[in-house]
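Protein chains in written order, with UniProt numbering: chain A, 1 to 242; chain B, 1 to 242.
Glycine included, each C-beta is placed from N, C-alpha and C at the ideal position.
Reading through the structure tokens given below for one structure.
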């Protein structure tokens, strides 16, 4: 899906924005960048802001017109911050990503971003099948060009299902404690809390309920139970020595 | 919800990024920006890149430490591009937005972004209850700072616009502990664990990190922190008596 989607920038004024767009694309695994009549390209500013996404810049295609840029695409989505007087079929970035998730498997698609200050012209929108609008503060609705590309690319990436492994951070995570281990832990806790004089075992019901709520919520691992019981043991030791 | 969420930037090197962050925030109706030890601020570069979000910059709070920045927050989310060896409860931007949609109605929340090149340090992550990671190309995973803020703010904005239902299980739930309360709790714990002979304060680092992980995961309420500190006090009392 992502390899069938190109990002098209129309008459970008600031080369720095082109570089930042390349970085945003590469972050989200998009590769095809097309520049329609950029003011200045290639340019050191673009390379600097690309921060390592030079490959996107060096393979970028430069065209004279939007028509040429989207010629091979079946689905062309134009982006706009403004409400247009002509009503266009509108998509949010998420709707667009969901649409392309199925459509961009067999078809080439383009998402077109206009000029920094004036967006796309009506004759350019005529080439677009859909209008994409990023939900935002209606009193301050102009996103930076690269920021807009970032949001749209992010939605495409999430929809593509190439999500990072959610479990990465959990690697090496220990086994969760069993119910039996938890019960033994709570028994130990009652004993220790009584030993340190925090409560009488007979009157422990409501306190223990509150403590159970905390530790059950924490979903303890076996090793963590061992750690906590080590602490309980030490607190008891002092009592017994005391 | 959005008015209870602050964006915290830690030791930002490039003032231009601060401006771009302010713009991204204003686009998405976020207002509270906190800067922890920025290299240069205020700065003309920041104002230029803010492109009209000057109000966010002029009301931005500058702090010396992350601890100070998040002291009044009950929910602190750290962002990271790297996989950490210690497993932290991880959220995607969408999961984070869904969480804050309910939690940030009654509680202040902070989303913390680290340095451009090195992110957040481990002692800063210790202050965070969750780790947020933006799904992206695993071979090119470092987003520009403002681009990362844009993605997260966008998800928050989208979530804020939807109808929410407070889940039944959360009704009548007490207030979550603030970061300052949690830190005081951990300080007290170090003291108590040393008093009962469980560990030396100097050697407490890795044990405390494991304990923090447990209690951060449990998302303690203020009253629960009081309960646990009551237990700590009693365990100390016995030592001192002993």
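Next item on the list: Return the chain-ordered ranges of every beta strand (DSSP E) run that is complete within the UniProt domain "tRNA/rRNA methyltransferase SpoU type" (5-154) of chain B and spans a minimum of 3 residues.
Entry: 5-10, 32-36, 61-63, 75-79, 109-113, 130-132
Next item on the list: At 8 Å on the CB atoms, spell out the chain B contacts of residue 176(A), in chain order.
Entry: Position 176 of the first chain, counted from the start, is the residue given in the question as residue 176(A). Here the premise fails: no neighbours, minimum Cβ distance about 12 Å.
Item checked: Assigned secondary structure, residue 175(B) (DSSP; H/G/I helix, E/B strand, else coil) -> Taking the first residue of the second chain as position 1, residue 175(B) is located at position 175. Coil at residue 175(B), not helix or strand.
Next item on the list: Note down, in chain order, all residues in the stretch 135-159 of chain A with a beta-carbon under 8 Å from any beta-carbon belonging to chain B.
Entry: 135, 136, 137, 140, 141, 142, 143, 144, 146, 147, 150, 151, 154, 157, 158
Check: Got a sec? Which residues, its chain only, sit under 6 Å from residue 6(B) by beta carbon, not counting five neighbours each side?
Finding: Here residue 6(B) is taken as the residue at index 6 of the second chain, counted from 1. These residues qualify, in order along the chain: 32, 34, 110.
Item checked: Amino acids of chain A, ordered along the chain, whose beta-carbon sits closer than 7 Å to that of residue 231(B) -> As a first step, residue 231(B) must be located in the second chain, where it is residue number 231. Under the 7 Å cutoff, chain A gives 193, 198.
Item checked: Closest residue to residue 52(A) among 142(A), 80(A), 21(A), 124(A) (Cα-Cα distance) -> Counting from 1 along the first chain, the entry for residue 52(A) is found at position 52. Ranking 142(A), 80(A), 21(A), 124(A) by Cα distance to residue 52(A) puts 21(A) first.
Note to self: Three or more C-beta pairs under 8 Å: does that hold for the stretch 1-15 of chain A against the stretch 59-73 of chain A?
What the structure shows: yes
Margin query: Less than 7 Å between the C-beta atoms of residue 137(B) and residue 27(A), yes or no?
Written below: Here residue 137(B) refers to the residue found at position 137 of the second chain. Here residue 27(A) refers to the residue found at position 27 of the first chain. Closer than 7 Å, so yes.
Notebook entry, point to check: Are the Cβ atoms of residue 79(B) and residue 127(B) separated by less than 7 Å?
Noted result: To locate residue 79(B), count along the second chain from 1; it is residue 79. To locate residue 127(B), count along the second chain from 1; it is residue 127. Not in contact: residue 79(B) and residue 127(B) (Cβ atoms no closer than 7 Å).
Notebook entry, point to check: Excluding sequence positions up to five away, which residues of its chain have a Cβ less than 6 Å from the Cβ of residue 62(B)?
Noted result: Within the second chain, numbered from 1, the residue matching residue 62(B) stands at position 62. Closer than 6 Å at the Cβ level, and outside the excluded window around residue 62(B), lie 35.
Check: Of all the CB atoms in chain B, is at least one closer than 7 Å to the CB of residue 28(A)?
Finding: To locate residue 28(A), count along the first chain from 1; it is residue 28. Yes, residue 28(A) counts as interfacial toward chain B.
Item checked: Which listed residue (106(B), 134(B), 105(B)) has its alpha carbon closest to that of residue 154(B) -> Within the second chain, numbered from 1, the residue matching residue 154(B) stands at position 154. Here the closest residue by C-alpha is 134(B).
Note to self: Do residue 48(B) and residue 23(B) count as a contact pair if the criterion is CB distance below 7 Å?
What the structure shows: In the second chain, residue 23(B) corresponds to position 23, counting from 1. In the second chain, residue 48(B) corresponds to position 48, counting from 1. In this structure, residue 48(B) does not lie closer than 7 Å to residue 23(B) by Cβ.
Item checked: Opposing strand residues paired with residue 221(A) [DSSP bridges] -> Within the first chain, residue 221(A) is the residue found at index 221, counting from 1. The partner list for residue 221(A) (beta bridge, DSSP) reads 176(A).
Margin query: So, for residue 204(A): in the same chain, excluding its five sequence neighbours on each side, which residues have a beta-carbon less than 8 Å away from its beta-carbon?
Written below: Against the first chain, residue 204(A) aligns to sequence position 204. Contacts found: 190, 193, 194.
Notebook entry, point to check: Of all Cβ atoms in chain A, is any one closer than 7 Å to the Cβ of residue 111(B)?
Noted result: Taking the second chain and counting its residues from 1, the one referred to as residue 111(B) is at position 111. Taking Cβ atoms only, chain A never reaches closer than 7 Å to residue 111(B), which makes this a no.
Next item on the list: Would you mind giving the Cβ-Cβ distance between residue 188(A) and residue 219(A), rounded to the nearest angstrom? I have them listed as a contact below 8 Å.
Entry: By one-based count along the first chain, residue 188(A) stands at place 188. By one-based count along the first chain, residue 219(A) stands at place 219. Contact doesn't hold; Cβ gap of about 19 Å is too wide.
Notebook entry, point to check: Listing by chain order, which chain A residues have their CB less than 9 Å from the CB of residue 19(B)?
Noted result: As a first step, residue 19(B) must be located in the second chain, where it is residue number 19. Near residue 19(B) there are no residues of chain A at all, since even the closest Cβ is about 10 Å away, more than 9 Å.
Check: So what does DSSP say about residue 189(B), is it helix, strand or coil?
Finding: As a first step, residue 189(B) is located in the second chain; it is residue number 189 there, counting from the start. Residue 189(B): helix per DSSP, three-state reduction.
Checklist line | Anticipated Cβ contact below 8 Å, residue 10(A) with residue 120(A), distance rounded | finding: By one-based count along the first chain, residue 10(A) stands at place 10. By one-based count along the first chain, residue 120(A) stands at place 120. Contact holds; Cβ gap of about 6 Å.
Next item on the list: Check each candidate in 211(A), 226(A), 159(A) and name the one with the smallest Cα separation from residue 95(A).
Entry: For the purposes of this step, residue 95(A) is identified with residue 95 of the first chain, where counting begins at 1. Among 211(A), 226(A), 159(A), the Cα nearest to that of residue 95(A) belongs to 159(A).
Note to self: Can you find the residues in the same chain that come closer than 7 Å, C-beta to C-beta, to residue 146(B), ignoring five residues on each side of it along the sequence?
What the structure shows: Residue mapping note: residue 146(B) aligns to position 146 of the second chain, counting from 1. So the list reads 17, 20, 21, 24, once near-sequence residues are dropped.
Margin query: Against chain B, with Cβ distances strictly below 7 Å, would residue 164(A) count as a contact?
Written below: Counting from one through the first chain, the residue named residue 164(A) turns up at place 164. Any reading at residue 164(A) must be qualified, since the residue scores a pLDDT of 48, below 50, and its modelled position is unreliable; the value itself is stated next. Interface residue, yes.
Note to self: Between the alpha carbons of residue 103(A) and residue 184(A), how many angstroms are there, rounded?
What the structure shows: Along the first chain, one-based indexing puts residue 103(A) at 103. Along the first chain, one-based indexing puts residue 184(A) at 184. Distance between the alpha carbons of residue 103(A) and residue 184(A): 56 Å.
Notebook entry, point to check: CB residue 224(B) to CB residue 196(A), shorter than 7 Å?
Noted result: Locating residue 224(B) in the second chain gives position 224, where the first residue counts as 1. Locating residue 196(A) in the first chain gives position 196, where the first residue counts as 1. For residue 224(B) and residue 196(A), no; Cβs fall outside 7 Å.
Margin query: Quick check: what's the CA-CA separation for residue 207(A) versus residue 237(B)?
Written below: Start at 1 with the first residue of the first chain, and residue 207(A) comes out as number 207. Start at 1 with the first residue of the second chain, and residue 237(B) comes out as number 237. Straight-line Cα distance between these residues: approximately 19 Å.
Next item on the list: At 8 Å on the CB atoms, spell out the chain B contacts of residue 53(A), in chain order.
Entry: Reading the first chain from its first residue, position 53 is the one you call residue 53(A). Going along chain B in sequence order, the residues near residue 53(A) (Cβ under 8 Å) are 140.
Notebook entry, point to check: When the distance is taken between beta carbons, is residue 81(B) closer than 7 Å to residue 156(B)?
Noted result: In the second chain, the residue the question calls residue 156(B) occupies position 156. In the second chain, the residue the question calls residue 81(B) occupies position 81. Cβ atoms of residue 156(B) and residue 81(B): not closer than 7 Å.
Check: Going by the CB atoms, is the gap between residue 93(B) and residue 152(B) shorter than 7 Å?
Finding: The residue you call residue 152(B) lines up with position 152 of the second chain. The residue you call residue 93(B) lines up with position 93 of the second chain. Their beta carbons are under 7 Å apart, which means residue 152(B) touches residue 93(B) by this criterion.
Next item on the list: Output, in chain order, the set of chain A residues within a Cβ distance shorter than 7 Å of residue 234(B).
Entry: Counting from one through the second chain, the residue named residue 234(B) turns up at place 234. Simply 196, 197, 198.
Note to self: Could you compute how far the alpha carbon of residue 246(A) sits from the alpha carbon of residue 200(B)?
What the structure shows: The requested residue 246(A) is not part of the displayed model; chain A covers only 1 to 242.
Check: Within the 7 Å Cβ cut-off, does residue 224(B) reach chain A?
Finding: Here the question's residue 224(B) lines up with position 224 in the second chain. Interface residue, yes.
Notebook entry, point to check: Which value, in whole angstroms, describes the spacing of the CA atoms of residue 166(A) and residue 89(B)?
Noted result: In the first chain, counting from the first residue as 1, residue 166(A) sits at position 166. In the second chain, counting from the first residue as 1, residue 89(B) sits at position 89. Because residue 166(A) carries a pLDDT of 43, less than 50, the predicted location of this residue cannot be relied on, and no value is offered for it.
Note to self: Judging by CA-CA distance, which residue of 55(B), 14(B), 57(B), 65(B) is the nearest neighbour of residue 40(B)?
What the structure shows: The residue labelled residue 40(B) in the question sits at position 40 within the second chain. Of 55(B), 14(B), 57(B), 65(B), the residue nearest in Cα terms is 14(B).
Check: How should residue 163(B) be labelled, buried or exposed, when 16 other C-beta atoms within 10 angstroms of its C-beta is the threshold for buried?
Finding: To locate residue 163(B), count along the second chain from 1; it is residue 163. With a pLDDT of only 33 at residue 163(B), under 50, the local geometry of the prediction cannot be trusted, and the value read off the model is given with reservation. It is exposed - the Cβ of residue 163(B) has fewer than 16 other Cβ atoms within 10 Å.
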